[in-house]
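Chemist:
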Amino acid sequence: MSVIPIFIILIVIIGGFLFFQNRWNLGRKFGYFLLGGYTLFLVITFVVYLFIPVDAFLDEDFPEDGETKDMFHSVVYNGVPIKEFAEFEKASWDFNVAEGESIWLTTEYYDFPVIIERVDDQEELKVTLYEMLPDVEPVELFGDQGEDGVVLQSNNLTIYSREPYYYELGQFEKEFPFTRFTAERAEIYMHALDILNFEKLYYIHLPEHVELLYSPDMYVEWLRN
Amino acid sequence: MKLVECDNLTKRIYGNNALDGITFTLHENKITGLIGRNGAGKTTLMKILAGYWRETSGTVKVFSERPFQNLIVSANAIYVDDQMTFHQSLTLGDILEEAERFYPNWDKGLAERLFDYFSFHPKSKHDALSKGRKSTFNMIIGLASKCKLTLFDEPTTGMDASVRKDFYRALLKDYLAHPRSIIISSHHLEEIEDVLEEIILIDEGKVFLYQSMDELKEYAQGISGKTDILKPLLDDVEVIYKTEIGAGNTYAVVRANSPVIEQARQYGMAIGPVAPNDLCIYLTAKHKGGIDDVFK
Amino acid sequence: MSLNRVNASDIVKKQFQYKLKAYVGVFTSLVVVQIIALIFSYGGTGGGFSSSNGIDVRYQTYTVDNVIVLTSLWALIHAIILTTKKDWQHAFPFVGNSWTNNLSNILLLLFASIIAAVLTVLSAFAIRVIIFHFVNEDLFRSYTFFLTAENILSGWYVLTFHFFFICAIGYFLGTVSRIHPMLPILVPVIMIGLLIVFEQIHQGFMIEIATFYYEETNPALFFVKMVTTSTILFAVSVFISNRTEVRT
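As you go down the protein sequences, you meet chains A, B and C in turn. FYI, our numbering numbers position 93 of the first sequence as 93, with every residue one higher than the one before it. Quick note: to get our numbering, add 225 to the position in the second sequence (first position is 1). Quick note: to get our numbering, add 521 to the position in the third sequence (first position is 1).
1) Please give the ranges of any beta strand (DSSP E) in the segment 99 to 128 of chain A, keeping only runs that are unbroken, at least 3 residues long and fully inside the region.
2) Identify the contact partners of C:P740 in chain A, using a Cβ-Cβ distance below 9 Å as the criterion.
3) Starting from C:K542, find everything on chain B with Cβ-Cβ shorter than 8 Å and list it in chain order.
4) In three-state DSSP terms, what is B:Q436?
5) Is there a C-beta anywhere in chain A that falls below 9 Å from the one on C:E729?
6) Please confirm if C:Q610 has its CB atom under 9 Å from at least one CB of chain A.
7) When you compare only the Cα positions, how much space is there between B:D306 and C:A543?
8) For B:S344 and A:Y49, what's the separation of their Cα atoms in angstroms?
9) The segment 163 to 180 of chain A: which residues have C-beta closer than 8 Å to a C-beta of chain C, in chain order?
10) Taking only beta-carbon atoms, is C:F615 less than 9 Å away from chain B?
11) Mind listing the chain A neighbours of C:S675? Cutoff is C-beta to C-beta under 8 Å, in chain order.
12) B:L396 and B:I256 - do their beta-carbons sit closer together than 9 Å?
13) From the beta carbon of C:F537, is the nearest beta carbon of chain B less than 9 Å away?
14) For C:I532, which residues in chain B fall below 9 Å Cβ to Cβ?
15) Mapping DSSP to helix, strand and coil, what is B:L374?
16) Given this structure, state the Cα-to-Cα distance separating A:E199 from A:E87, to the nearest angstrom.
17) Name the chain C residues that come within less than 8 Å of B:F345, Cβ to Cβ?
18) With 9 Å set as the bound, which would you pick, yes or no: does the beta-carbon of C:L525 sit closer than that to a beta-carbon of chain B?
19) Show which residues of chain B have a CB atom less than 9 Å away from the CB atom of C:W783.
20) Taking 9 Å as the CB-CB cut-off, is C:S644 touching chain A?
21) Quick one: using the 10 Å Cβ neighbour count with 16 as the cut-off for buried, is A:N197 buried or exposed?
22) Please check the pair C:T641 and C:V585, which I expect to be a contact at CB under 8 Å, by giving their CB distance rounded to whole angstroms.
23) With DSSP as the reference, label A:V210 as helix, strand or coil.
24) Using a Cβ distance threshold of 8 Å, determine whether the segment 681 to 689 of chain C contacts the segment 739 to 750 of chain C, with at least three qualifying pairs required.
25) If you count every other CB in all the chains shown that lies within 10 Å of the CB of A:P177, and 16 or more means buried, which is it?
26) For A:M132, list the residues DSSP reports as bridge partners.
27) What did DSSP end up calling B:N241 once you bin it into helix, strand or coil?
28) What does C:Q581 reach in chain A if we use C-beta pairs closer than 8 Å?
29) Using the three-state DSSP reduction, which class does B:I303 fall into: helix, strand or coil?
30) So, for C:T769: in the same chain, excluding its five sequence neighbours on each side, which residues have a beta-carbon less than 8 Å away from its beta-carbon?
31) Going by Cα to Cα distance, which pick from C:N528, C:V578, C:A558, C:I700 is closest to C:L594?
32) Mind checking which residues open and close the beta strand (DSSP E) that includes A:Q153?
33) Hey, could you find the ends of the beta strand (DSSP E) B:L259 is sitting in?
34) Just to make sure I have the definition right: I need the residues of chain C whose C-beta is within less than 9 Å of the C-beta of A:I52. Which are they?
35) What are the start and end residues of each continuous beta strand (DSSP E) run of 3 or more residues lying completely inside the segment 351 to 422 of chain B, in chain order?
36) Can you list, in chain order, the residues of the segment 373 to 389 of chain B whose Cβ is nearer than 8 Å to any Cβ on chain C?
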């Protein structure tokens, strides 16, 4: 917010206030009453504040460094089987593909990490969408937000995505003067997305003898057993 | 004890000498009138005595202290004029309360009685009072503070006749009960001459006359007679004031010890005392004959 | 009738009490200013937008910056008002001189700064409670929501001296402006001009000044810097106004 309109509004309000204070002959009692009332209001809010439960507010699952719930990382680098994340499975699509075929993988609108695992005893190509959403509810937006979907057409496997979820969040800054003499700094807004603990990835079970091609730009990891 | 001592006191304001080498000494417990025309330096002198303004040169002592910004002078002297302002958030009741805290000799009973007598309301605001009411209220503060030195600068500005009378009566009664030094400035001497014990007449920043009231009343005599007889008599003597009244008649004011008086008496002219107020006007009339000369 | 002896500290005390009564408007306007600032803060003082695949986040940042800025302005304005001719005269119907008047003004400003700092710190909680309970918006689960006792103390400490410092600046500017009738116009011009010239001679001059005072991380040094500067400003003001006549 720019300073200038605030400045103008302030001058108008103070000027008007002083004018009316003289005009209406508001006495000293009114002044004390106002000061007392405002102080009381602030003290009450302080008491209410004390009742805001810390536990309910600060999530215990709050990701800390080195202790992330990152599915992609766990699966690809730590060898955690994807079954562990069954709770985040959102949808899956099966496609029959002929042996020896080569399929071209593309995404439409948005890119997501894709993990590909080759499976021996399976004839179908299976695409599973895992989605880990923040605990907070996204804002309902008007209009068509689209659907997540996967389509196989003439050897093109295309992943369609819905519009991004939209969140409106508030945050408090605890800067000057509260942290003047302490080391804490409150630049959390730089990492808004880290805090939001959101992840969306596609997992493809790919039958043997099916070739999957994709553009080098895509974020694809092969899972090697 | 000497209350006020001024020696060659000079005050320059914007290049003009508002006070030009004033020298006088006031003694305790008297009611003194400070008389002079507008701009004569009455207010300047009082503000210097009250410690509000600084003297340019010369010395000034009040209670044997230099008054400018002096706490002892501030606590023992009060200056009352129609410019006296109080913070707008204070009611008249508040102001009396505050004055009581500040002035050690504050006479609460007197303040309350005067407050009631002049039917003030404790909840009203000083700013909202009319000019005369303001002067009346300020007067209450001036009297009730019972300061060793009380300075009233044109205290009756805006007051109506009956309040003026009440004021001077109150002043006199309170003074008799609690003698202290009071200086009243006014350009209407006739109004205050009954309460004054002595007067200081100042003109153009100088003390013109400093006398007791009784001396002033006998300072001069007025003579009226035929112009062609009186005029030659006045040629060689000091004449304070002279004017033609009607056809061929002249009125002249001379010092009471002037030889002219005897001569005039021999001619059978009317001789009488001069009212102090008129005398002060004549004394400070710049010897030009007054406003009549403008229209000649 | 004997002369009443008075001592200066007694008069200062009486004038301070008188001013607490007379200048109730200082505190009334403080409340008004803070309420306005709280209303502004309701909309957030900053924010931004983050986007990555699958998620868009618009976030609103809530701070007490508005309250601090507007309260600083309040401190500056009232310090200047105290030095105006009209208010200077109000102090002299009763016993006192420039010296006691200045000291009681400074005491009043110190007292007002302490109160303002307490209210500003408390307003940080008011904003938190209002946003938490009445604004339908999810909050980042962040430790910055909670203020520790140490935060509260440090906030109050810093703000008290900050407001007092601002008062000293206002009092100084107001007093200087009283020397000559032209100065109320000239002083702001000269001040701004000087700042521009200094900034040209030495780049980053103003930032360095702000850093010098407000980036100080040692509480004792912060105290020394603030109080020394305020004292110098007040001392110069007192020196100037002790030479000035009162009551026209």
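Even for Gly, the Cβ is constructed at its ideal location relative to N, Cα and C. Being a predicted model, the structure only gives us computed values, none of them experimental.
Modeler: Checking against the coordinates, here is how it stands:
1) Secondary structure within the segment 99 to 128 of chain A: the beta strand (DSSP E) runs of 3 or more consecutive residues, fully enclosed, are 102 to 108, 114 to 119 (chain order).
2) Position 219 of the third sequence, counted from the first residue, corresponds to residue 740 of chain C. Near C:P740 (Cβ distances below 9 Å), the residues of chain A are R180, F181.
3) Counting from 1 along the third sequence, the entry for residue 542 of chain C is found at position 21. Going along chain B in sequence order, the residues near C:K542 (Cβ under 8 Å) are S314, L315, D319, E323.
4) Taking the first residue of the second sequence as 1, we reach residue 436 of chain B at position 211. DSSP places B:Q436 in strand when its eight states are reduced to three.
5) Along the third sequence, one-based indexing puts residue 729 of chain C at 208. Chain A, which has no Cβ nearer than 9 Å to the Cβ of C:E729, makes this no.
6) Stepping through the third sequence from its first residue, residue 610 of chain C is reached at position 89. So, not an interface residue.
7) Stepping through the second sequence from its first residue, residue 306 of chain B is reached at position 81. Stepping through the third sequence from its first residue, residue 543 of chain C is reached at position 22. When rounded, the distance between both Cα atoms is 21 Å.
8) Counting from 1 along the second sequence, the entry for residue 344 of chain B is found at position 119. Counting from 1 along the first sequence, the entry for residue 49 of chain A is found at position 49. Spanning the alpha carbons of B:S344 and A:Y49 requires a straight line of approximately 53 Å.
9) Within the segment 163 to 180 of chain A, the residues whose Cβ lies closer than 8 Å to any Cβ of chain C are, in chain order, P164, Y165, Y166, Y167, E168, L169, G170, Q171, F172, E173, K174, E175, F176, P177, F178, T179, R180.
10) For this step, residue 615 of chain C is matched to residue 94 along the third sequence. Chain B contact via Cβ: present.
11) Mapped onto the third sequence, residue 675 of chain C falls at position 154. Close to C:S675, with beta-carbon spacing below 8 Å, are these residues of chain A in chain order: P177, F178, T179, R180, F181, T182.
12) The residue labelled residue 256 of chain B in the question sits at position 31 within the second sequence. The residue labelled residue 396 of chain B in the question sits at position 171 within the second sequence. Going by C-beta atoms, B:I256 is nearer than 9 Å to B:L396.
13) One-based indexing of the third sequence puts residue 537 of chain C at position 16. Taking 9 Å as the threshold, the shortest C-beta distance from C:F537 to chain B does not fall below it.
14) For the purposes of this step, residue 532 of chain C is taken as residue 11 along the third sequence, with counting starting at 1. When 9 Å is used as the limit between beta carbons, C:I532 is near these residues of chain B: L296, S299, A300, F327, in chain order.
15) In the second sequence, the residue the question calls residue 374 of chain B occupies position 149. In the structure shown, B:L374 sits in a strand (DSSP, three-state: E or B).
16) Counting from 1 along the first sequence, the entry for residue 199 of chain A is found at position 199. Counting from 1 along the first sequence, the entry for residue 87 of chain A is found at position 87. Those two C-alpha atoms are separated by around 13 Å.
17) As a first step, residue 345 of chain B is located in the second sequence; it is residue number 120 there, counting from the start. Under the 8 Å cutoff, chain C gives no residues; its nearest Cβ is about 16 Å from B:F345.
18) Here residue 525 of chain C corresponds to residue number 4 of the third sequence, with the count starting at 1. The displayed chain sequence assigns Asn, not Leu, to residue 525 of chain C. Closer than 9 Å to some Cβ of chain B, the Cβ of C:N525 qualifies, so yes.
19) One cannot answer for residue 783 of chain C here, as it falls past the ends of chain C, which runs 522 to 769.
20) Residue 644 of chain C sits at position 123 when you count from the first residue of the third sequence. With 9 Å as the cut-off, C:S644 counts as an interface residue toward chain A.
21) Within the first sequence, the letter at position 197 stands for residue 197 of chain A. By the neighbour-count criterion, in which 16 or more other beta carbons inside 10 Å mark a residue as buried, A:N197 falls on the buried side.
22) What you label residue 641 of chain C is simply residue 120 of the third sequence in a count that begins at 1. What you label residue 585 of chain C is simply residue 64 of the third sequence in a count that begins at 1. Confirmed, about 6 Å.
23) Stepping through the first sequence from its first residue, residue 210 of chain A is reached at position 210. In the structure shown, the three-state DSSP call for A:V210 is coil.
24) With the cut-off at 8 Å, the segment 681 to 689 of chain C and the segment 739 to 750 of chain C touch.
25) Within the first sequence, the letter at position 177 stands for residue 177 of chain A. Counting the other CB atoms within 10 Å of its CB gives A:P177 a total of 16 or more, which places it among the buried residues.
26) Walking along the first sequence from the start, residue 132 of chain A turns up at place 132. Its beta-bridge partners are A:E199.
27) As a first step, residue 241 of chain B is located in the second sequence; it is residue number 16 there, counting from the start. Of the three classes helix, strand and coil, the one that applies to B:N241 here is strand, per DSSP.
28) Indexing the third sequence from 1 puts residue 581 of chain C at position 60. Here the neighbours are E168, L169, G170, Q171.
29) Position 78 of the second sequence, counted from the first residue, corresponds to residue 303 of chain B. Correct three-state label for B:I303: strand.
30) Position 248 of the third sequence, counted from the start, is the residue given in the question as residue 769 of chain C. The predicted model places C:T769 with a pLDDT of 49, which falls under 50 and marks its position as unreliable; any figure quoted below should be read in that light. When the five nearest sequence neighbours on each side are left out, the beta carbons in the same chain lying within less than 8 Å of the beta carbon of C:T769 are those of K606, Q610, in order along the chain.
31) Within the third sequence, the letter at position 73 stands for residue 594 of chain C. Out of C:N528, C:V578, C:A558, C:I700, C:A558 has the C-alpha closest to the C-alpha of C:L594.
32) Your numbering for residue 153 of chain A matches position 153 in the first sequence. A:Q153 -> beta strand (DSSP E) spans 149 to 153.
33) The count along the second sequence starts at 1 and reaches residue 259 of chain B at position 34. From DSSP, the beta strand (DSSP E) with B:L259 extends over 256 to 260.
34) Mapped onto the first sequence, residue 52 of chain A falls at position 52. Going along chain C in sequence order, the residues near A:I52 (Cβ under 9 Å) are R649, V650, F653, H654, F666, F667.
35) List check, beta strand (DSSP E) in window: 374 to 378, 406 to 411.
36) Cβ contacts with chain C: K373.
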